[in-house]
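Enquirer: Count the sequence shown with my numbering and you get residues 111 to 359, in order.
Quick reminder that beta carbons are idealized off the backbone N, C-alpha and C, glycines included.
Take a look at this one; I'll ask things after.
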Amino acid sequence: MTSAHRSSYDSIAQLYDRLWGDWYLPAALPALDRLFFRRVSTSSRVLDLCCGSGHVTKELVRRGYQVTGIDNSTELIEIARSLLPEVDFRVADASDFGLENRVDAALSTFDSLNHILDLPRLTRAFGCAHDALNPGGLFVFDMNLEEAYTADEQQWVVERDDWNVSLVRGTFNPDQQLASTELIWFRLDGEADCWRRRASVVHQRCYAEADILDGVTSAGFRDIQVTPAPEAGVQPGLAYGRIFVSAVA
Numbered sequence: 111m112t113s114a115h116r117s118s119y120d121s122i123a124q125l126y127d128r129l130w131g132d133w134y135l136p137a138a139l140p141a142l143d144r145l146f147f148r149r150v151s152t153s154s155r156v157l158d159l160c161c162g163s164g165h166v167t168k169e170l171v172r173r174g175y176q177v178t179g180i181d182n183s184t185e186l187i188e189i190a191r192s193l194l195p196e197v198d199f200r201v202a203d204a205s206d207f208g209l210e211n212r213v214d215a216a217l218s219t220f221d222s223l224n225h226i227l228d229l230p231r232l233t234r235a236f237g238c239a240h241d242a243l244n245p246g247g248l249f250v251f252d253m254n255l256e257e258a259y260t261a262d263e264q265q266w267v268v269e270r271d272d273w274n275v276s277l278v279r280g281t282f283n284p285d286q287q288l289a290s291t292e293l294i295w296f297r298l299d300g301e302a303d304c305w306r307r308r309a310s311v312v313h314q315r316c317y318a319e320a321d322i323l324d325g326v327t328s329a330g331f332r333d334i335q336v337t338p339a340p341e342a343g344v345q346p347g348l349a350y351g352r353i354f355v356s357a358v359a
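This is the structure in structure tokens:
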């Protein structure tokens with residue numbers, strides 16, 4: 111969810127929140143508990159990088175952390191602010207941001223960093239995260255590898271309540287190492303007695319694990335550890351082709 115221009119999530123932010131907003135956390139909680147929560151003391155200052163609509167942020171707040179949330183989607187940040195008005199949410203690019211005060215730990219979840227579409231920008235994002243941390247601060251993030259994209263090419267229809275029908279189709283171009291998710295959303299407008307259509311295409315870049323780790327290293331991190339999602343306890347459906355990376359500033 112990172113870009114210098116209007117986010118591809120802005121036009122479908124409400125749909126994203128309905129479909130996936132609270133889906134990730136229950137499936138990934140064992141991994142986050144093992145890799146992050148057990149290592150970061152309560153009341154620590156935490157950066158939720160690419161926070162989306164704020165559902166992981168909500169869990170951080172529930173556990174007593176002081177959280178700053180950053181995402182480049184204005185509309186997703188608005189949803190997050192409505193969910194957690196007490197949290198410092200900011201619209202910013204993950205590869206070009208700075209904090210006035212450093213934090214004790216940083217977290218980026220749900221393969222958000224795969225939305226950065228070139229390696230130099232991804233490396234800059236790692237650098238921004240490093241610069242936002244106090245010395246010795248922990249950074250944990252997850253990313254998808256190629257197996258996640260080749261296993262997830264599909265099309266389906268989702269019906270929610272009485273107000274929308276959504277079509278979601280995922281494709282992967284192995285030559286370009288580019289994954290694309292097309293979302294088409296039809297929402298019932300009761301006053302106008304018609305359906306309103308919104309559409310967006312969201313892209314993710316598939317990076318080799320070695321390139322990811324080179325970027326983390328060049329950003330200045332140390333004690334870098336990679337944990338495949340199944341080994342971290344992530345539930346099936348979210349685990350395949352996903353890795354968690356932890357590193358210390």
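Check whether the Cβ atoms of Glu292 and Arg308 sit closer than 8 Å, and answer yes or no.
Expert: no
Enquirer: Closest to Arg234 by CA distance: which of Asp203, Glu256, Asp214, Asn244 is it?
Expert: Minimum Cα distance to Arg234 is reached at Asp203.
Enquirer: Quick check on Asp158: buried or exposed, where buried means 16 or more other Cβ atoms within 10 Å of its Cβ?
Expert: buried
Enquirer: Shortest alpha-carbon distance to Ser276 belongs to which of Gly351, Trp305, His240?
Expert: Trp305
Enquirer: Along the chain, where does the alpha helix (DSSP H) that runs through Thr184 open and close?
Expert: In the DSSP assignment, Thr184 falls within the alpha helix (DSSP H) that extends over 184-193.
Enquirer: Measuring alpha carbon to alpha carbon, tell me which residue in Ala359, Arg297, Val326 is nearest Arg128.
Expert: Arg297
Enquirer: Trp295 by DSSP, collapsed to three states: which one?
Expert: strand
Enquirer: DSSP has Leu217 in a bridge; who is on the other side?
Expert: Asp158, Val250
Enquirer: What does Val355 pair with, by DSSP beta-bridge criteria?
Expert: Phe251, Val336
Enquirer: Assuming the contact rule is C-beta atoms closer than 8 Å, Ile189 and Ala123 should be a hit. Round their C-beta distance to whole Å, please.
Expert: Confirmed, Cβ separation roughly 6 Å.
Enquirer: Thinking C-alpha only, which one of Ser153, Thr178, Gln314, Ser290 is nearest Cys161?
Expert: Thr178
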